[in-house]
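S.K.: This is the structure I have questions about; it appears just below.
Protein chains: 2
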Amino acid sequence: MSMVLSTIEYTSAHMSDRRSDVTPDGPAEMVRLATIARRFYLDGRSKVEIAEEFGLSRFKVARDLETARSSGIVRIDIRLPARLVGEQSELLREAFGLRRAIVVDASEDPLETRRALGSVAARLLAEIVRPDEVLGLAWSRGLQAMGAEMVPLPRCTVVQLNGVLSEHTEAGGSVETVRRVATLSGGPAYPIYAPLILPDAATAETLRADPGIAAAFAHFDRLTTAVVAIGGWDERNSTVYQALTPEARERYSALGVRAEMSAQLFDARGEQIRTDLDERIISVSADRLREVPEVVAVAGAGDEAKARAVGAVLRSGLVSTLVTDSDVAGVLLSEAPSD
Amino acid sequence: MSMVLSTIEYTSAHMSDRRSDVTPDGPAEMVRLATIARRFYLDGRSKVEIAEEFGLSRFKVARDLETARSSGIVRIDIRLPARLVGEQSELLREAFGLRRAIVVDASEDPLETRRALGSVAARLLAEIVRPDEVLGLAWSRGLQAMGAEMVPLPRCTVVQLNGVLSEHTEAGGSVETVRRVATLSGGPAYPIYAPLILPDAATAETLRADPGIAAAFAHFDRLTTAVVAIGGWDERNSTVYQALTPEARERYSALGVRAEMSAQLFDARGEQIRTDLDERIISVSADRLREVPEVVAVAGAGDEAKARAVGAVLRSGLVSTLVTDSDVAGVLLSEAPSD
DNA sequence: ACGATGGTCGCTCATATGAGCGACCTGGGT
DNA sequence: ACCCAGGTCGCTCATATGAGCGACCATCGT
Numbered sequence: 000m001s002m003v004l005s006t007i008e009y010t011s012a013h014m015s016d017r018r019s020d021v022t023p024d025g026p027a028e029m030v031r032l033a034t035i036a037r038r039f040y041l042d043g044r045s046k047v048e049i050a051e052e053f054g055l056s057r058f059k060v061a062r063d064l065e066t067a068r069s070s071g072i073v074r075i076d077i078r079l080p081a082r083l084v085g086e087q088s089e090l091l092r093e094a095f096g097l098r099r100a101i102v103v104d105a106s107e108d109p110l111e112t113r114r115a116l117g118s119v120a121a122r123l124l125a126e127i128v129r130p131d132e133v134l135g136l137a138w139s140r141g142l143q144a145m146g147a148e149m150v151p152l153p154r155c156t157v158v159q160l161n162g163v164l165s166e167h168t169e170a171g172g173s174v175e176t177v178r179r180v181a182t183l184s185g186g187p188a189y190p191i192y193a194p195l196i197l198p199d200a201a202t203a204e205t206l207r208a209d210p211g212i213a214a215a216f217a218h219f220d221r222l223t224t225a226v227v228a229i230g231g232w233d234e235r236n237s238t239v240y241q242a243l244t245p246e247a248r249e250r251y252s253a254l255g256v257r258a259e260m261s262a263q264l265f266d267a268r269g270e271q272i273r274t275d276l277d278e279r280i281i282s283v284s285a286d287r288l289r290e291v292p293e294v295v296a297v298a299g300a301g302d303e304a305k306a307r308a309v310g311a312v313l314r315s316g317l318v319s320t321l322v323t324d325s326d327v328a329g330v331l332l333s334e335a336p337s338d
Numbered sequence: 000m001s002m003v004l005s006t007i008e009y010t011s012a013h014m015s016d017r018r019s020d021v022t023p024d025g026p027a028e029m030v031r032l033a034t035i036a037r038r039f040y041l042d043g044r045s046k047v048e049i050a051e052e053f054g055l056s057r058f059k060v061a062r063d064l065e066t067a068r069s070s071g072i073v074r075i076d077i078r079l080p081a082r083l084v085g086e087q088s089e090l091l092r093e094a095f096g097l098r099r100a101i102v103v104d105a106s107e108d109p110l111e112t113r114r115a116l117g118s119v120a121a122r123l124l125a126e127i128v129r130p131d132e133v134l135g136l137a138w139s140r141g142l143q144a145m146g147a148e149m150v151p152l153p154r155c156t157v158v159q160l161n162g163v164l165s166e167h168t169e170a171g172g173s174v175e176t177v178r179r180v181a182t183l184s185g186g187p188a189y190p191i192y193a194p195l196i197l198p199d200a201a202t203a204e205t206l207r208a209d210p211g212i213a214a215a216f217a218h219f220d221r222l223t224t225a226v227v228a229i230g231g232w233d234e235r236n237s238t239v240y241q242a243l244t245p246e247a248r249e250r251y252s253a254l255g256v257r258a259e260m261s262a263q264l265f266d267a268r269g270e271q272i273r274t275d276l277d278e279r280i281i282s283v284s285a286d287r288l289r290e291v292p293e294v295v296a297v298a299g300a301g302d303e304a305k306a307r308a309v310g311a312v313l314r315s316g317l318v319s320t321l322v323t324d325s326d327v328a329g330v331l332l333s334e335a336p337s338d
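If you read the sequences in order, they're chains F and D.
Numbered per numbering that gives the first Met the number 0, the first sequence spans residues 0 to 338.
Numbered per numbering that gives the first Met the number 0, the second sequence spans residues 0 to 338.
Have a look at this one:
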């Protein structure tokens with residue numbers, strides 16, 4: 000694992016509740032406390048053993064260790080590889096009732112943040128995917144980064160979850176990602192060669208009958224893990240929004256859309272907003288996703304609107320695992336500690 | 000206490016004995032371990048509670064914490080105020096069978112080191128001296144520094160342990176130190192206005208009869224705490240050596256002298272070397288000191304010869320508490336882990 | 001397909017530990 | 001000299017924890 004360097008991110012400063020900073024009186028006492036603390040925390044001796052060694056009662060040893068903790072002689076840090084932020088992860092997990100939340104330290108550079116998200120998401124997949132699973136991949140710039148950072152995976156079936164947005168195909172869209180992941184896993188790939196959004200429902204219907212596309216769709220009800228992206232609802236935070244006509248944008252906005260996931264729309268409370276758009280897309284449906292045991296959302300590298308979009312989709316209950324960055328996490332945690 | 004800033008000096012890196020660096024596989028696992036570790040080490044929950052919260056067995060929690068420790072997610076440092084070196088203190092204490100050892104970080108500048116030693120020794124006295132004790136003070140540049148750094152002390156009797164060396168009185172010799180400490184403690188002072196070394200035994204004998212000097216000597220058998228210095232046996236490391244004639248130096252050197260304490264001489268094994276010098280000095284005797292419950296030696300800010308001198312005196316068993324610097328400690332610990 | 005092998009799991013039982021308590025010092029204030 | 005307040009100590013007893021073990025499970029070579 001290449002996530003090497005570490006940072007302190009949380010310190011024992013609390014827990015000074017019960018016995019607030021007792022400072023030992025002099026150097027001899029400090030050295031004595033340090034010695035006992037070393038025996039206990041570093042050498043792994045029991046308090047009873049230490050008590051015998053120093054001719055103290057075990058209670059005294061316990062109190063000494065307590066004093067050493069609260070006076071700062073003993074310092075306990077919970078660190079994580081530099082890019083991971085443990086505390087926000089936990090708070091986020093609890094606040095939104097997620098199975099897992101993984102927060103990556105946001106970089107100044109959004110591209111760098113997106114790369115970090117992709118890298119962590121890739122390793123997460125390697126960690127949670129079991130052999131012979133059916134893995135579904137949606138598309139976003141973030142998931143594209145995940146494809147680039149992909150690491151070897153257990154053998155599994157890889158299915159594309161939705162069509163592509165033409166203006167982004169050059170950079171290597173979801174089709175390439177699906178192929179790449181399948182290659183790294185050694186399993187079959189089911190890409191979807193079709194646009195995400197079509198002019199009308201009929202065309203979409205027709206395309207779904209295409210043998211290749213149907214083959215992908217056929218796997219949707221056997222998905223065990225799905226990786227999806229969350230888009231906002233404005234020019235900057237959503238590739239779907241960008242792809243719509245001004246008229247369509249306006250029409251959907253009027254319904255209170257805040258977030259988009261695989262071209263399906265959600266309001267601030269996480270309720271899905273059904274529109275004609277739903278008929279015009281080539282994508283796994285949100286309802287279908289709801290049946291997938293593990294839905295990983297990768298979303299970050301955006302502004303506050305993006306963060307609120309993430310919150311909206313989380314409230315839908317569709318997502319079991321979130322991978323995001325510390326900026327988004329900060330907004331989510333400050334806004335509404337809901338749920 | 001003004002010893003504020005802290006440094007890391009020892010880390011949990013060991014204890015990787017039983018379960019050598021197990022690295023958790025992926026980001027999700029790392030975040031999970033960090034969460035559990037935070038609950039346990041920082042929030043003070045029991046393993047049983049944590050097991051219930053996360054739906055694990057308490058054994059699993061214990062193993063997780065073990066993994067978090069050995070993988071470096073949990074880091075425990077034993078720190079001490081920057082100037083104190085805990086590990087050497089402990090090793091020194093054990094190696095020489097001392098009641099206490101306090102090692103001060105050596106500075107580049109010997110004067111600064113001496114000041115630090117003095118400061119720590121002063122605080123040590125404040126810590127260990129009980130009201131109404133009889134406190135004896137010898138003389139050295141180190142103890143002079145202690146006088147300068149002296150902090151308020153419980154009320155006690157302060158007795159000078161030996162005469163002064165004329166060439167050093169200008170700087171404020173032991174007489175001033177005794178007076179200063181007595182003032183800070185609010186107790187009586189018994190200074191000795193006499194030279195440490197006299198030309199012959201008769202003169203020394205006569206001086207001991209002087210009422211002021213006799214008053215000080217009268218307290219020697221009631222001493223409860225004595226603070227002494229340790230000198231080497233060469234031009235650089237001993238003010239006593241400096242005070243002797245070349246002939247005397249040569250004569251004593253031939254007997255294997257390695258260390259000097261209050262003008263009493265010791266060989267490398269810590270055996271006292273009796274000479275005519277013993278009769279020519281105005282000082283508490285080493286034998287008398289042996290009866291004192293607490294003998295604190297303050298010695299440092301010197302070279303390897305000085306360190307060996309300290310080792311010699313420690314081997315005599317006269318000293319119960321040592322205050323020294325990390326350079327001296329390093330030499331002592333590398334040379335002979337004796338005793 | 002099969003057995004060997006290394007790893008993980010949760011159990012039992014002996015031990016270590018924490019919470020709370022009364023006994024005992026200790027340092028002022030009257 | 002006395003007493004009170006605050007602090008420290010080590011006790012009891014209920015609980016948490018560790019060591020060691022067999023059951024189970026996955027992975028691999030044949």
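C-beta: ideal position from N, C-alpha, C; glycine also.
1) Name the DSSP bridge partner or partners of glutamine 263 of chain F?
2) Tell me the residue span of the beta strand (DSSP E) that contains alanine 298 of chain D.
3) Using a 10 Å radius around the Cβ and a threshold of 16 neighbouring Cβ atoms, would you call glutamate 246 of chain D buried or exposed?
4) Of all Cβ atoms in chain F, is any one closer than 7 Å to the Cβ of glycine 85 of chain D?
5) Name the two residues that bound the continuous beta strand (DSSP E) containing alanine 225 of chain D.
6) Give the C-beta separation of threonine 112 of chain D and aspartate 324 of chain D to the nearest angstrom, bearing in mind that I take them to be a contact with Cβ-Cβ under 8 Å.
7) Valine 227 of chain F and methionine 260 of chain F - do their beta-carbons sit closer together than 7 Å?
8) Rounded to a whole number of angstroms, what is the C-alpha to C-alpha distance between threonine 224 of chain D and leucine 134 of chain D?
9) Determine whether the Cβ of glycine 96 of chain D lies closer than 7 Å to any Cβ atom of chain F.
10) What does the alpha-carbon distance come out to for the pair glutamate 126 of chain D and phenylalanine 53 of chain D?
11) Once the 5 residues before and after valine 256 of chain D are set aside, which same chain residues still bring their CB inside 8 Å of it?
12) As a quick exercise: from D:Gly146, D:Cys155 and D:Leu83, pick the residue whose alpha carbon is nearest that of aspartate 326 of chain D.
13) Are there 16 or more other CB atoms within 10 angstroms of the CB of phenylalanine 58 of chain F, so buried, or fewer, so exposed?
14) Along the chain, where does the alpha helix (DSSP H) containing arginine 98 of chain D start, and where does it finish?
15) With DSSP run on the structure shown, which of helix, strand or coil describes leucine 123 of chain D?
16) In chain order, which alpha helix (DSSP H) runs of at least 4 residues are fully inside the segment 24 to 60 of chain F?
17) Return the first residue and the last residue of the beta strand (DSSP E) that glycine 231 of chain F is part of.
18) Is it right to say arginine 386 of chain D is buried, meaning 16 or more other beta carbons lie within 10 angstroms of its own, or is it exposed?
19) Go ahead and pull the three-state DSSP assignment for valine 84 of chain D.
20) Is the Cβ-Cβ distance between arginine 352 of chain F and alanine 203 of chain F less than 7 Å?
21) Closer than 6 Å to a non-hydrogen atom of the ligand MG - does that hold for the CB of aspartate 108 of chain F?
22) Roughly how many angstroms separate the alpha carbons of alanine 147 of chain D and glutamate 234 of chain D, rounded to a whole number?
23) Are serine 88 of chain F and isoleucine 101 of chain F closer than 7 Å when you measure CB to CB?
24) Applying the criterion that 16 or more other CB atoms from any shown protein chain within 10 Å of the CB defines a buried residue, is threonine 10 of chain D buried or exposed?
25) According to the Cβ coordinates, are glycine 141 of chain D and valine 297 of chain D closer than 7 Å?
26) If we define contact as Cβ-Cβ less than 7 Å, is arginine 113 of chain F a contact residue for chain D?
27) So with Cβ pairs under 7 Å, would you call valine 50 of chain D a contact of chain F?
28) Tell me the residue span of the beta strand (DSSP E) that contains glycine 135 of chain D.
29) Within the same chain, show all residues whose beta-carbon is closer than 7 Å to that of glycine 185 of chain D, passing over the 5 residues directly before and after it, in chain order.
30) Under the assumption that valine 163 of chain D contacts valine 174 of chain D (Cβ atoms under 8 Å), give the Cβ distance between them as a whole number of angstroms.
31) Give the secondary structure of isoleucine 196 of chain F by DSSP, where H, G and I count as helix, E and B as strand, and everything else as coil.
32) Does alanine 208 of chain F come out as helix, strand or coil in the three-state DSSP assignment?
33) Would you list, in chain order, the members of the segment 195 to 229 of chain F that have their beta-carbon closer than 7 Å to a beta-carbon of chain D?
34) So, for serine 328 of chain F: in the same chain, excluding its five sequence neighbours on each side, which residues have a beta-carbon less than 6 Å away from its beta-carbon?
35) State the Cα-Cα distance for the pair alanine 253 of chain D and threonine 274 of chain D, rounded to the nearest angstrom.
36) Considering only the alpha carbon of each residue, which of F:Ala201, F:Ser282 and F:Arg99 lies closest to alanine 213 of chain F?
M.R.: To lay it out plainly:
1) Locating residue 263 of chain F in the first sequence gives position 264, where the first residue counts as 1. In DSSP, glutamine 263 of chain F forms a bridge with F:Met260.
2) Within the second sequence, numbered from 1, the residue matching residue 298 of chain D stands at position 299. Taken as a continuous stretch (DSSP letters only), alanine 298 of chain D belongs to no beta strand (DSSP E), as it is neither H nor E.
3) To locate residue 246 of chain D, count along the second sequence from 1; it is residue 247. Exposed.
4) Here residue 85 of chain D refers to the residue found at position 86 of the second sequence. So, interface residue.
5) In the second sequence, the residue the question calls residue 225 of chain D occupies position 226. DSSP places alanine 225 of chain D in the uninterrupted beta strand (DSSP E) bounded by 224 to 228.
6) Start at 1 with the first residue of the second sequence, and residue 112 of chain D comes out as number 113. Start at 1 with the first residue of the second sequence, and residue 324 of chain D comes out as number 325. The distance from the Cβ of threonine 112 of chain D to that of aspartate 324 of chain D is about 5 Å, consistent with a contact at the 8 Å cut-off.
7) Counting from 1 along the first sequence, the entry for residue 260 of chain F is found at position 261. Counting from 1 along the first sequence, the entry for residue 227 of chain F is found at position 228. Contact check for methionine 260 of chain F against valine 227 of chain F passes: the beta carbons are separated by less than 7 Å.
8) Within the second sequence, numbered from 1, the residue matching residue 224 of chain D stands at position 225. Within the second sequence, numbered from 1, the residue matching residue 134 of chain D stands at position 135. Distance between the alpha carbons of threonine 224 of chain D and leucine 134 of chain D is about 5 Å.
9) On the second sequence, position 97 is the one that residue 96 of chain D refers to. Using a CB distance cut-off of 7 Å, glycine 96 of chain D does not count as an interface residue toward chain F.
10) Sequence index remark: in the second sequence, residue 126 of chain D carries index 127 (1-based). Sequence index remark: in the second sequence, residue 53 of chain D carries index 54 (1-based). Cα to Cα, glutamate 126 of chain D sits roughly 47 Å from phenylalanine 53 of chain D.
11) For this step, residue 256 of chain D is matched to residue 257 along the second sequence. So the list reads Trp232, Leu264, Phe265, Asp266 and Ile272, once near-sequence residues are dropped.
12) Counted from its first residue, the second sequence places residue 326 of chain D at position 327. Cα-wise, what sits closest to aspartate 326 of chain D is D:Leu83.
13) Position 59 of the first sequence, counted from the first residue, corresponds to residue 58 of chain F. Exposed, by the Cβ-count rule.
14) The residue given as residue 98 of chain D occupies position 99 in the second sequence. For arginine 98 of chain D, there is no enclosing alpha helix (DSSP H), as DSSP marks it with neither H nor E.
15) For this step, residue 123 of chain D is matched to residue 124 along the second sequence. Assignment of leucine 123 of chain D by DSSP, reduced to helix, strand and coil, places it in the helix class.
16) Complete alpha helix (DSSP H) runs here, min 4: 26 to 36 and 46 to 53.
17) The residue given as residue 231 of chain F occupies position 232 in the first sequence. No beta strand (DSSP E) holds glycine 231 of chain F; DSSP gives it neither H nor E.
18) In this structure chain D extends from 0 to 338, so residue 386 of chain D is not present and cannot be described.
19) On the second sequence, position 85 is the one that residue 84 of chain D refers to. Coil.
20) Because chain F here runs from 0 to 338, residue 352 of chain F falls outside it and cannot be looked at.
21) Ligands are entirely absent from the displayed structure, and the ligand MG is therefore not among its contents.
22) Taking the first residue of the second sequence as 1, we reach residue 147 of chain D at position 148. Taking the first residue of the second sequence as 1, we reach residue 234 of chain D at position 235. Roughly 25 Å between the two C-alpha positions.
23) For the purposes of this step, residue 88 of chain F is taken as the residue at position 89 of the first sequence. For the purposes of this step, residue 101 of chain F is taken as the residue at position 102 of the first sequence. Yes, these two residues count as a Cβ contact at 7 Å.
24) Residue 10 of chain D sits at position 11 when you count from the first residue of the second sequence. Any reading at threonine 10 of chain D must be qualified, since the residue scores a pLDDT of 40, below 50, and its modelled position is unreliable; no value is offered.
25) Within the second sequence, numbered from 1, the residue matching residue 141 of chain D stands at position 142. Within the second sequence, numbered from 1, the residue matching residue 297 of chain D stands at position 298. Their beta carbons are under 7 Å apart, which means glycine 141 of chain D touches valine 297 of chain D by this criterion.
26) For the purposes of this step, residue 113 of chain F is identified with residue 114 of the first sequence, where counting begins at 1. Output row for arginine 113 of chain F: interface = no.
27) In the second sequence, the residue the question calls residue 50 of chain D occupies position 51. The sequence as given places alanine at residue 50 of chain D; valine does not occur at that position. Judged by the 7 Å Cβ criterion, alanine 50 of chain D is not in contact with chain F.
28) The residue labelled residue 135 of chain D in the question sits at position 136 within the second sequence. Counting along the chain, the beta strand (DSSP E) containing glycine 135 of chain D begins and ends at 133 to 136.
29) In the second sequence, the residue the question calls residue 185 of chain D occupies position 186. Here the set comprises Arg154.
30) Numbered from 1 along the second sequence, position 164 holds the residue referred to as residue 163 of chain D. Numbered from 1 along the second sequence, position 175 holds the residue referred to as residue 174 of chain D. Valine 163 of chain D to valine 174 of chain D, Cβ: 6 Å. Contact.
31) The residue given as residue 196 of chain F occupies position 197 in the first sequence. Three-state DSSP puts isoleucine 196 of chain F in a strand.
32) Taking the first residue of the first sequence as 1, we reach residue 208 of chain F at position 209. Coil, per DSSP.
33) Against chain D - using a Cβ distance shorter than 7 Å - the segment 195 to 229 of chain F contributes no residues.
34) Looking up residue 328 of chain F in the first sequence gives position 329. In the sequence on display, residue 328 of chain F carries alanine and not serine. If the five residues before and after alanine 328 of chain F are omitted, its C-beta is found closer than 6 Å to the C-beta atoms of Gln87, Leu91 and Val102, all from its own chain and listed in chain order.
35) Your numbering for residue 253 of chain D matches position 254 in the second sequence. Your numbering for residue 274 of chain D matches position 275 in the second sequence. C-alpha separation (whole angstroms): 12 Å.
36) Position 214 of the first sequence, counted from the start, is the residue given in the question as residue 213 of chain F. Among F:Ala201, F:Ser282 and F:Arg99, the Cα nearest to that of alanine 213 of chain F is on F:Ser282.
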